[in-house]
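So the structure is just underneath, and the comments pick up after that.
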Amino acid sequence: MVEKEEKREEEERKRNSANIRDLYDKMPTFIESKLLPFQRDGVRFVLQHGGRALLADEMGLGKTLQAMFF
2 MVEKEEKREE
12 EERKRNSANI
22 RDLYDKMPTF
32 IESKLLPFQR
42 DGVRFVLQHG
52 GRALLADEMG
62 LGKTLQAMFF
């Protein structure tokens, strides 16, 4: 029974990972090209949490640009 649960959870993680990649790939290239590596990480983080996240970086680090994707 535990093995089935673990297998189901692993399959769900794989699906979620693929969904995140699909959503990230839908980002317009003119936005993605302007993001710095830490901003890309922020976008991925928000995607991993279904768009329910708080971007709380310091001023001037591009929260608006990260949020434009959503």
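Take the sequence shown: its letters are residues 2 to 71, numbered as in our numbering. Note that beta-carbon positions come from the ideal geometry of N, C-alpha and C, so glycine has one too. In this text, all values refer to a predicted model and were calculated from it rather than measured experimentally.
- Residue environment: V44 is assigned as buried (16 or more neighbouring CB atoms within 10 Å of its CB, all protein chains considered).
- For P38, the uninterrupted alpha helix (DSSP H) run begins and ends at P38 to Q49, by DSSP.
- Rounded to whole angstroms, the separation of the alpha carbons of F39 and D58 is 10 Å.
- Membership of L66 in the alpha helix (DSSP H) is indicated by the continuous run K64 to M69.
- With a threshold of 16 other beta carbon atoms within 10 Å, L48 meets it and is buried.
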